[in-house]
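Trainee: Take this structure, written in structure tokens, and hold onto it; I'll ask about it next.
Residue numbers (the working numbering): 145 to 482.
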């Protein structure tokens with residue numbers, strides 16, 4: 145039965161591709177109107193592959209109930225726990241991070257490092273069983289264990305909270321590589337807990353201060369990259385139900401984009417944050433607790449930025465955020481010899 149259904153879909157697909165050619169027979173001048181754009185045949189092929197049960201796509205694998213497993217940028221290697229760090233690499237990172245934290249502490253600057261986990265780390269049960277796990281620990285496991293034993297302990301581990309929270313709410317999107325606003329709120333709360341140790345007046349807004357809004361279903365990043373339109377998903381947004389006092393401004397600097405924030409409350413600390421796409425939705429929450437904020441994307445404009453903004457702005461707090469898939473770059477980022 146499934147084989148007949150597959151043949152039927154293939155016939156329908158070929159017929160759809162022939163429609164523009166048939167149109168051209170009657171109107172040869174209708175080339176631009178008749179031929180589909182490049183995206184349309186890709187979408188048609190991807191949707192057809194999904195319907196006939198194909199699971200393997202560029203950069204993603206289709207799991208149960210439309211759950212998309214990201215396989216690029218080292219995500220699947222991290223899940224499989226391969227290519228681990230050597231003891232020398234871990235020691236080098238620990239020494240660099242300790243030295244950087246001590247250097248900033250001498251200037252009265254608090255350094256916080258946060259690593260959002262990969263979706264596969266929080267939802268390993270959604271990864272198809274055909275993909276084996278080879279090791280007993282991941283690179284992130286290695287780093288956190290080594291730092292806990294030998295040195296700097298301000299690397300915020302979000303995994304326990306996210307793993308607990310997922311029993312009540314889905315914390316990552318099924319068709320996106322990123323967390324939803326439940327995950328965003330967990331990251332925001334964890335940062336605020338650490339900041340409150342130095343700035344007792346900083347208190348995170350409780351979840352009751354937000355209205356949880358479900359947006360119209362749409363293509364999210366993985367399904368869009370795969371060209372699939374059959375897996376729409378609703379975005380979840382935490383809409384603040386309190387007065388917003390912080391203004392934001394985006395500035396293009398060459399090929400790089402910077403963001404600045406300003407809150408008129410001068411009792412709040414100043415912040416420099418280096419971040420990737422996981423923190424797009426975290427920044428508006430943190431920004432309400434910051435007097436002047438400088439937000440620098442790690443990779444915008446090509447290449448990895450550096451910590452020069454800290455020396456230029458001399459903030460009270462520095463937050464360095466790299467998602468787990470970019471953990472190698474985090475180790476490189478804090479190297480003073482870079």
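Just so it is clear, CB atoms sit at the ideal spot from N, CA and C, and this is done for glycine as well.
Because the structure is a prediction, the values reported are computed rather than measured.
1. What separation, rounded to the nearest whole angstrom, lies between the Cα atoms of residue 480 and residue 240?
2. In this structure, how does DSSP classify residue 274 when only helix, strand and coil are distinguished?
3. Helix, strand or coil for residue 180, going by three-state DSSP, please let me know.
4. Which class does residue 288 belong to by DSSP, given the choice of helix, strand or coil?
5. Use the C-beta contact count for residue 433: other C-beta atoms within 10 angstroms, 16 or more gives buried, fewer gives exposed.
6. Could you check the C-alpha separation between residue 221 and residue 202 for me, to the nearest Å?
7. Please identify the residue among 421, 390, 347, 322 whose C-alpha is closest to the C-alpha of residue 377.
8. Enumerated in chain order, which unbroken segments of the alpha helix (DSSP H) with a length of 4 residues or greater are wholly contained in the stretch 183–217?
9. Rounded to the nearest angstrom, what separates residue 253 and residue 372 at their Cα positions?
10. For a minimum of 4 consecutive residues, which ranges assigned as the alpha helix (DSSP H) are wholly contained in the stretch 382–460?
11. Can you grab the Cα-Cα spacing for the pair residue 413 / residue 420, in whole Å?
12. Which class does residue 462 belong to by DSSP, given the choice of helix, strand or coil?
13. Among the residues of its own chain, which have a CB less than 7 Å from the CB of residue 342, if the five just before and after it don't count?
14. Can the beta-carbon of residue 375 be found closer than 8 Å to that of residue 461?
15. Using only the alpha-carbon positions, how far apart do residue 131 and residue 314 sit?
16. Restricting to runs no shorter than 3 residues, where is the beta strand (DSSP E) found entirely within the stretch 320–380?
17. Between the stretch 404–418 and the stretch 384–394, can you find at least three pairs of beta-carbon atoms closer than 8 Å?
18. Along the chain, where does the beta strand (DSSP E) containing residue 256 start, and where does it finish?
19. Assuming the contact rule is C-beta atoms closer than 8 Å, residue 307 and residue 275 should be a hit. Round their C-beta distance to whole Å, please.
20. Assess, as a yes-or-no matter, whether the stretch 363–372 is touched by the stretch 190–208 under the definition of 3 or more beta carbon pairs within less than 8 Å.
21. Can you list, in chain order, the residues of its chain whose CB lies under 8 Å from that of residue 210, leaving out five sequence neighbours each side?
22. Spatial neighbours of residue 417 within its chain, please: CB distance less than 6 Å, with the 5 preceding and 5 following residues excluded, ordered by chain position.
23. Please list, in chain order, all residues of the same chain as residue 232 whose beta carbon is under 7 Å from its beta carbon, the five residues on each side excluded.
24. Residue 234 and residue 286 look like a contact to me (Cβ under 8 Å); what is the Cβ gap, rounded to whole Å?
25. Taking only the alpha-carbon atoms, compute the straight-line gap between residue 361 and residue 337 and give it to the nearest angstrom.
26. Less than 8 Å separating the beta-carbons of residue 262 and residue 325?
27. Taking the CB atoms as reference points, tell me whether residue 213 and residue 303 lie closer together than 8 Å.
28. For my contact list, residue 400 and residue 450 are in at a C-beta cut-off of 8 Å; report their separation, rounded to the angstrom.
29. Name the two residues that bound the continuous alpha helix (DSSP H) containing residue 303.
30. Give the single residue among 198, 398, 256 whose Cα lies nearest to the Cα of residue 446.
Mentor: By the coordinates alone:
1. Position 336 of the chain shown holds residue 480. Position 96 of the chain shown holds residue 240. C-alpha of residue 480 to C-alpha of residue 240: approximately 7 Å in a straight line.
2. Translated into positions along the chain shown, residue 274 becomes position 130. Taken through DSSP and simplified to helix, strand or coil, residue 274 comes out as coil.
3. Translated into the one-based positions of the chain shown, residue 180 becomes position 36. Unreliable placement is indicated for residue 180, whose pLDDT of 48 sits below 50; the coordinate value is still reported in the next sentence. Reduced to three states, the DSSP call for residue 180 is coil.
4. Indexing the chain shown from 1 puts residue 288 at position 144. In the structure shown, residue 288 sits in a helix (DSSP, three-state: H, G or I).
5. As a working mapping, residue 433 is identified with position 289 in the chain shown. Around the beta carbon of residue 433, a 10 Å sphere encloses 16 or more other beta carbons of the protein chains shown; the residue is thus reported as buried.
6. Along the chain shown, read from residue 1 onward, the residue named residue 221 stands at position 77. Along the chain shown, read from residue 1 onward, the residue named residue 202 stands at position 58. If I take the Cα positions, the gap works out to 15 Å.
7. Mapped onto the chain shown, residue 377 falls at position 233. Among 421, 390, 347, 322, the Cα nearest to that of residue 377 belongs to 322.
8. The stretch 183–217 contains, as complete alpha helix (DSSP H) runs of 4+ residues, the segments 183–195 (chain order).
9. The residue given as residue 253 occupies position 109 in the chain shown. The residue given as residue 372 occupies position 228 in the chain shown. Residue 253 and residue 372 have their C-alpha atoms spaced approximately 46 Å apart.
10. For the stretch 382–460, whole alpha helix (DSSP H) runs of length 4 or above, ordered along the chain, are 427–430, 452–457.
11. Along the chain shown, one-based indexing puts residue 413 at 269. Along the chain shown, one-based indexing puts residue 420 at 276. Computed Cα separation, rounded: 22 Å.
12. Reading the chain shown from its first residue, position 318 is the one you call residue 462. DSSP places residue 462 in strand when its eight states are reduced to three.
13. Indexing the chain shown from 1 puts residue 342 at position 198. Same-chain partners within the cutoff: 254.
14. Here residue 375 refers to the residue found at position 231 when the chain shown is read from its first residue. Here residue 461 refers to the residue found at position 317 when the chain shown is read from its first residue. Residue 461 sits away from residue 375, with the two beta carbons spaced by 8 Å or more.
15. Outside the modelled stretch of the chain, which goes from 145 to 482, sits residue 131, for which no answer is possible.
16. As far as the stretch 320–380 is concerned, its whole beta strand (DSSP E) runs of at least 3 residues are 354–358.
17. Yes, the stretch 384–394 is in contact with the stretch 404–418.
18. For this step, residue 256 is matched to residue 112 along the chain shown. Counting along the chain, the beta strand (DSSP E) containing residue 256 begins and ends at 254–258.
19. The sequence position of residue 307 within the chain shown is 163, counting from 1. The sequence position of residue 275 within the chain shown is 131, counting from 1. About 20 Å separates the two Cβ atoms, so there is no contact after all.
20. Counting C-beta pairs closer than 8 Å gives three or more between the stretch 190–208 and the stretch 363–372, which meets the contact rule.
21. Indexing the chain shown from 1 puts residue 210 at position 66. If we look at residue 210 and ignore the five residues flanking it on each side, its Cβ neighbours are 318, 319, 375.
22. Taking the first residue of the chain shown as position 1, residue 417 is located at position 273. Excluding residues within five positions, the ones whose Cβ falls inside 6 Å are 439, 463.
23. Position 88 of the chain shown, counted from the start, is the residue given in the question as residue 232. Same-chain partners within the cutoff: there are none.
24. Mapped onto the chain shown, residue 234 falls at position 90. Mapped onto the chain shown, residue 286 falls at position 142. Going by Cβ atoms, the distance from residue 234 to residue 286 rounds to 6 Å, so yes, they are a contact pair.
25. Counting from 1 along the chain shown, the entry for residue 361 is found at position 217. Counting from 1 along the chain shown, the entry for residue 337 is found at position 193. Their Cα atoms are separated by approximately 33 Å.
26. Position 118 of the chain shown holds residue 262. Position 181 of the chain shown holds residue 325. No, they are not a contact pair.
27. Position 69 of the chain shown, counting from 1, holds the residue named residue 213. Position 159 of the chain shown, counting from 1, holds the residue named residue 303. Judged by their CB atoms, residue 213 and residue 303 are not nearer to each other than the 8 Å cut-off.
28. On the chain shown, residue 400 is found 256 positions in, with the first residue counted as 1. On the chain shown, residue 450 is found 306 positions in, with the first residue counted as 1. Between residue 400 and residue 450, the beta carbon gap of about 12 Å keeps them out of contact (Cβ cut-off 8 Å).
29. As a first step, residue 303 is located in the chain shown; it is residue number 159 there, counting from the start. For residue 303, the uninterrupted alpha helix (DSSP H) run begins and ends at 303–309, by DSSP.
30. For this step, residue 446 is matched to residue 302 along the chain shown. Across the set 198, 398, 256, the C-alpha of 398 shows the shortest separation from the C-alpha of residue 446.
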